[in-house]
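Note sheet for the following structure.
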Amino acid sequence: MNDQVTISPTTLSIHLTINGRDHALEIEPRVTLLDALRDRLHLTGTKKGCDQGQCGACTVHVDGERVLACLTLAAQVEGRSITTVEGLANEDGTLHAVQAAFLEQDAFQCGYCTPGQIMSAVACIREGHAGSDDEIREYMAGNLCRCGAYPNIVAAVRQAAKELSA
Amino acid sequence: MRDFAYVRADSVEAARNAAALPGAMLLAGGTTLVDLAKCGVAEPATVIDISHIDGLNAIDVSADRAVFGALAKMSHVADNPQVKSLFPAVSEALWQAASAQLRNMATIGGNLMQRTRCPYFRDPANFPACNKRAPGSGCSAIGGVTRGHAVLGISEACIATYPGDLAVALVAFGAEVDLGERKLKVEDFFLAPGATAEREHDIRPGEVITAIEIPGSAVARRSTYVKVRDRQSYEFAAASAAVGLELEADRRTVHDIRVALGGVATKPWRVRAVEEALKGKPLDEDTVRKASELAMEGAVDHGANHYKIALAPRVIARAILKLGETA
Chain A
1 MNDQVTISPT
11 TLSIHLTING
21 RDHALEIEPR
31 VTLLDALRDR
41 LHLTGTKKGC
51 DQGQCGACTV
61 HVDGERVLAC
71 LTLAAQVEGR
81 SITTVEGLAN
91 EDGTLHAVQA
101 AFLEQDAFQC
111 GYCTPGQIMS
121 AVACIREGHA
131 GSDDEIREYM
141 AGNLCRCGAY
151 PNIVAAVRQA
161 AKELSA
Chain Y
167 MRDFAYVRAD
177 SVEAARNAAA
187 LPGAMLLAGG
197 TTLVDLAKCG
207 VAEPATVIDI
217 SHIDGLNAID
227 VSADRAVFGA
237 LAKMSHVADN
247 PQVKSLFPAV
257 SEALWQAASA
267 QLRNMATIGG
277 NLMQRTRCPY
287 FRDPANFPAC
297 NKRAPGSGCS
307 AIGGVTRGHA
317 VLGISEACIA
327 TYPGDLAVAL
337 VAFGAEVDLG
347 ERKLKVEDFF
357 LAPGATAERE
367 HDIRPGEVIT
377 AIEIPGSAVA
387 RRSTYVKVRD
397 RQSYEFAAAS
407 AAVGLELEAD
417 RRTVHDIRVA
427 LGGVATKPWR
437 VRAVEEALKG
447 KPLDEDTVRK
457 ASELAMEGAV
467 DHGANHYKIA
477 LAPRVIARAI
487 LKLGETA
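Protein chains in written order, with our numbering: chain A, 1 to 166; chain Y, 167 to 493.
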């Protein structure tokens, strides 16, 4: 290819499907899904913790699988189906079984990691990786809780997994 | 993060053409590239998004061989029932790597391109000297905090540890990486730093990884990946071992064995000295532990990483003895 060819950074026009709704965005290519959700679409349920893929606070679902929004470019997930914590409860406000279990088990203290924990737990159960407490710990390891609410988080995932398989 | 141009490739051919542009970098799962762009380590002029290319994510496994498309996700390969039964060390290396979220993002091809976690490499603002980032600038790790650094395959230019798990299993079982025009052994694809620490892979501008192939074998079928780390999950290896074992009909004499190390070397590290020492020998603990020590021939520490020289042979021995117990 010709060495003279250069492509300059420009603004991209993209469409994202989030919680079943279409959103049109004008963004720089470097904008992450996390920043697009929080700063452009004001869906602030998804949290920015470390912003470098180490804490899990920004966990969302893309095509039904849990991923980190901080290491995902918004442009990359055009055409995919994105679910955030705002899209988990029913339209009538009924909580998802995992959300209800987190409340019942008191599975948080400050609550900052909780949306990420919940999104991760929903996927963990769906994947079939919540069969025992050890398996829950292993497959929830990507979500850090600085308050240390882990025993209650494991209890909440265990409870929700049981309810969802019933 | 510096801004860049974004191009979506819809075919391998388009990706190859775009990858030849100056300053172009390929984006698959993004777990390395986006991370390093945020650190200021990667400064692509153009990001070529290959994640939308159709047909590159197939997982095709038989007793003869496993072929993973470059865009197959780590999680999907780890959970594949045939991979679990025919190549257990590969599945184990994958599910013990990173977190569930990262394994849903990261691809098999991108996994091979993962960069070191050397904290000096990842921090250009505070540590301008790094031969990997800026050839000839020096190595900030040598004389620095070295607890996680390599003891094998190092040079005066670089002691950065290769951080991955999958490739350790791949080199143990003779896997190949498919670059389209050529195929090469994964073991040869990774380069020790020598005097050119900036070159970590034998890949040329315009080349794109399309698949990884692992030949099926008795040693791959009876294999395991043992990973020892500072915390039980979601952590890089302090030392790890991929081991495959085939016993004679007497069920105690080693017919064939493969051993590779992670977490202690500058690249995925096959240890043939251990393999040769054990072939034809009885699989008893004393023999295994003595042979495992041979893995550390030529090891050089830089103080705080001295423990790896004691740890790695024990990890190898644990993996071999674990496989022996299943005889």
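Quick reminder that beta carbons are idealized off the backbone N, C-alpha and C, glycines included.
- For residue 145 of chain A, no chain Y residue has a Cβ inside 9 Å of its Cβ, as the nearest lies near 13 Å away.
- Less than 9 Å divides the Cβ of residue 66 of chain A from the Cβ of residue 123 of chain A.
- By the C-beta density criterion, residue 94 of chain A is exposed, having fewer than 16 other C-beta atoms within 10 angstroms.
- As summarised for the stretch 206-251 of chain Y, the continuous beta strand (DSSP E) elements at least 3 residues long and confined to that stretch are 212-215, 225-227 and 231-235, given in chain order.
- The beta-carbon of residue 223 of chain Y is placed no less than 9 Å from the nearest beta-carbon of chain A.
- Contact between residue 315 of chain Y and residue 323 of chain Y is absent: CB atoms are separated by about 13 Å, not below the 8 Å threshold.
- With a cutoff of 9 Å on beta-carbon distance, residue 193 of chain Y and residue 73 of chain A are scored as near each other.
- For residue 316 of chain Y, the secondary structure class from DSSP, reduced to helix, strand or coil, is coil.
- Taking a C-beta distance under 9 Å as the contact criterion, residue 446 of chain Y and residue 424 of chain Y do not qualify as a contact pair.
- Assignment of alpha helix (DSSP H) within the stretch 435-459 of chain Y, counting only whole runs of 4 or more residues, yields 438-444 and 451-459 in chain order.
- The beta-carbon separation of residue 84 of chain A and residue 18 of chain A, rounded to 6 Å, stays under the 8 Å limit for a contact.
- Residue 30 of chain A: not part of any alpha helix (DSSP H); DSSP gives it neither H nor E.
- Membership of residue 390 of chain Y in the beta strand (DSSP E) is indicated by the continuous run 389-394.
- Comparing C-alpha distances from residue 438 of chain Y to each of Y/417, Y/271 and Y/463 shows the shortest one belongs to Y/463.
- Here residue 379 of chain Y is near residue 231 of chain Y, since their CB atoms are less than 9 Å apart.
- At least 9 Å separates the CB of residue 110 of chain A from every CB of chain Y.
- Think of a sphere of 8 Å around the beta carbon of residue 215 of chain Y: the chain A residues whose beta carbon falls inside it are 73, 75 and 76, in chain order.
- For the stretch 398-410 of chain Y, the residues whose beta carbon sits under 7 Å from a beta carbon of chain A are, in order, 399 and 400.
- A distance below 6 Å between beta-carbons, with the five flanking residues on each side excluded, links residue 372 of chain Y to the following residues of its chain, in chain order: 182, 185 and 186.
- Chain A has a Cβ within less than 9 Å of the Cβ of residue 200 of chain Y.
- For a cut-off of 8 Å, the C-beta gap from residue 236 of chain Y to residue 222 of chain Y is around 5 Å, short enough to register as a contact.
- The residue among Y/252, Y/175, Y/350 and Y/224 with its C-alpha nearest the C-alpha of residue 278 of chain Y is Y/350.
- Looking at the DSSP output, residue 380 of chain Y shares a beta bridge with Y/232.
- CA-to-CA, the gap between residue 281 of chain Y and residue 331 of chain Y works out to about 12 Å.
- The Cβ of residue 255 of chain Y sits no closer than 9 Å to any Cβ of chain A.
- Counting C-beta atoms within 10 angstroms of its own C-beta, residue 42 of chain A has fewer than 16 neighbours from the protein chains shown and is therefore classed as exposed.
- DSSP assignment within the stretch 108-166 of chain A yields the following whole alpha helix (DSSP H) runs of 4 residues or more, N-terminal first: 114-127, 133-139 and 150-165.
- The beta carbon of residue 205 of chain Y sits closer than 9 Å to some beta carbon of chain A.
- Judged by DSSP secondary structure, residue 173 of chain Y falls outside any alpha helix (DSSP H) and instead within the beta strand (DSSP E) spanning 171-174.
- Using a 10 angstroms sphere on the CB of residue 10 of chain A, the tally of other CB atoms stays under 16, which defines it as exposed.
- Straight across, the Cα-Cα distance linking residue 150 of chain A with residue 143 of chain A is about 10 Å.
- Look at residue 21 of chain A here: in three-state DSSP terms it is strand.
- The stretch 288-368 of chain Y is shown to contain whole alpha helix (DSSP H) runs of 4 or more residues at 332-338 and 352-355, in chain order.
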